[in-house]
Amino acid sequence: MKAKPVAHESVPKTLRSVSIIGTGSYLPKRVLTNADLAKVMDTTDEWITTRTGIKERHIAAADQATSDLAAEAARRALRQAGLAAEDLDMIIVATVTPDMFFPSTACFVQKAIGAGNAVCFDLEAACSGFLFALETARQYVGSGAITTALVIGADKLSAITDWEDRATCVLFGDGAGAAIIRSRPGVRGIIATAMASDGNLGHLLSMPGGGSRNPATAQTVKDRLHFLKMAGKEVFKYAVGSMLSVAKEALKKANMTMADVDCVIPHQANMRIIRAIGERLGSPMEKYYINLDRTGNMSAASIPVALDEAVRAGFIKHGAIVLMMAFGGGFTSGATLLEWRKPEPSQRVSAKDVSRVRVSNAQKRRFSTNASNLW
Ligand SMILES: CC(C)(COP(=O)(O)OP(=O)(O)OC[C@H]1O[C@@H](n2cnc3c(N)ncnc32)[C@H](O)[C@@H]1OP(=O)(O)O)[C@@H](O)C(=O)NCCC(=O)NCCS
1 MKAKPVAHES VPKTLRSVSI IGTGSYLPKR VLTNADLAKV MDTTDEWITT RTGIKERHIA
61 AADQATSDLA AEAARRALRQ AGLAAEDLDM IIVATVTPDM FFPSTACFVQ KAIGAGNAVC
121 FDLEAACSGF LFALETARQY VGSGAITTAL VIGADKLSAI TDWEDRATCV LFGDGAGAAI
181 IRSRPGVRGI IATAMASDGN LGHLLSMPGG GSRNPATAQT VKDRLHFLKM AGKEVFKYAV
241 GSMLSVAKEA LKKANMTMAD VDCVIPHQAN MRIIRAIGER LGSPMEKYYI NLDRTGNMSA
301 ASIPVALDEA VRAGFIKHGA IVLMMAFGGG FTSGATLLEW RKPEPSQRVS AKDVSRVRVS
361 NAQKRRFSTN ASNLW
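Each step along the sequence shown adds one to the number in this note's numbering, with nothing skipped, and position 189 is 189.
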């Protein structure tokens, strides 16, 4: 099964334009360096750096769950957008490390930030999760079904990392990134998205234990099935090919070439993968925002954290065309092209604005009406 990217039209005939109006990110305080790892396992800073580009990663505290990281990133994004939590109509959290199977991590975030008007759910597309969630939310905002969505990529990979497997544990870290989206009249915002999946390759990167296939037992724990497993070399090959494919598809839909792209936010898995992509796309590394040396691979959090850092550092300038691209377990891959505009103070909705609350309730009714029409 060769996955064909599903591309979404650059100028959708039925959707209004949708923009990111605020970003935020959070990295846990504790930093684990390659030198720290070399003290406790058979590895070296030199091996990790030359194979991956990673020098250090952030590790969440034992009492910090994914939703704690996500909620902090969400608060920062809300501040940048000039919105309050009750202005949110939807929260989607992309993660492979939910706090629990259920409730969803998005519902935990809702409670933590007080987003009482939001519909909340999780989405799982591994490292492509943030871009898949962004496109999902874009469909809701673009259709006019909702006004404001919060999209989060958050992962506490240290919780599923096998610290006895030196081939994987050196690669990953913890963090969360968030983006708030709305329609901004006259702004192109998200221009095109391409997404692809190939379920035939799922076995190359997975966590086999704990689900309905291998429910948790003393034996599954003994067999270390509750840790991430990866065939590194095969994943490497897939990563390069799949990201190239979705990036080209998104560019084609937007009638653009790499020459039109000012900044690239690639999934931050491995510097060698990013260089290979840059060479094949013919785009110089200066256009690529890189933070994997400080963060490692944070799965769904990698792209939104890099996006937030790049925006705040001025790497992404007002009017820049930005290409984000990711690949991950599943397998999944995604690419999103957007025009970046500086966040402007948003239309805030005060608690006194009763009419807005009524709109929110009406939207909720619209969800249920539409759903009942379907059955
Ligand atoms: C994981 C990865 C860095 C390994 O690099 P590689 O060049 O493929 O290395 P290999 O797997 O061939 O291992 C080479 C040797 O290094 C050893 N090695 C593995 N991890 C090591 C470590 N942390 N320190 C030192 N040596 C290590 C291996 O045991 C192997 O030794 P051997 O030749 O004696 O058997 C690389 O395959 C990769 O980046 N893959 C993609 C992973 C990825 O991006 N995953 C995220 C998906 S979202």
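For every residue, glycine included, the Cβ atom is placed at its ideal position computed from N, Cα and C.
These numbers come from a predicted model, not from an experiment.
Query: Note down, in chain order, each residue of its chain lying with its Cβ closer than 7 Å to the Cβ of D174, except the 5 sequence neighbours on either side.; Result: P28, H58, I59, A60, L69, D155, K156, L157, S158, M298
Query: Does DSSP put I20 in a helix, in a strand, or in coil?; Result: strand
Query: Helix, strand or coil: which one does DSSP assign to S377?; Result: Limits of the chain in this structure are 1 at one end and 375 at the other, which puts residue 377 out of reach.
Query: Just to confirm before moving on: does the CB-CB distance between A178 and I113 stay below 7 Å?; Result: no
Query: Could you check the C-alpha separation between I290 and D89 for me, to the nearest Å?; Result: 32 Å
Query: Distance check for D198 and I321, CA to CA, integer angstroms please.; Result: 28 Å
Query: Return the chain-ordered list of same chain residues with a C-beta closer than 6 Å to the C-beta of V18, the five sequence neighbours on each side being excluded.; Result: R138, V141, G142, I181, S183, G189, I190
Query: What does the Cβ neighbour count give for G314, buried or exposed, with the cut at 16 atoms within 10 Å?; Result: exposed
Query: Helix or strand or just coil, what does DSSP make of I160?; Result: coil
Query: Please list, in chain order, all residues of the same chain as L338 whose beta carbon is under 8 Å from its beta carbon, the five residues on each side excluded.; Result: S19, I20, R188, G189, I190, I191, I321, V322, M324
Query: Taking all protein chains shown into account, decide if M100 is buried (16 or more other Cβ within 10 angstroms of its Cβ) or exposed.; Result: exposed
Query: Considering only heavy atoms of ligand 1, does any lie closer than 6 Å to the CB of F331?; Result: no
Query: According to DSSP, simplified to helix, strand and coil, what is S128?; Result: helix
Query: Mind checking W163: buried by the 16 CB within 10 Å criterion, or exposed?; Result: exposed
Query: Please determine, among D42, N255, R30, R75, the residue with the shortest C-alpha to C-alpha distance to D63.; Result: R30
Query: Which whole-angstrom value is the C-beta distance of P343 and G22, which I expect to be below 8 Å?; Result: 5 Å
Query: By DSSP's criteria, L338 is part of a beta bridge. Which residues make up the other side?; Result: I190, V322
Query: Where D36 and T44 are concerned, what is the direct C-alpha to C-alpha distance, given to the nearest angstrom?; Result: 10 Å
Query: Do you know how far the Cα of T49 is from the Cα of A118?; Result: 42 Å
Query: Since V96 contacts A126 with CB under 8 Å, what's their CB separation in whole angstroms?; Result: 5 Å
Query: Taking C-beta to C-beta, are V264 and Y288 nearer than 7 Å?; Result: yes
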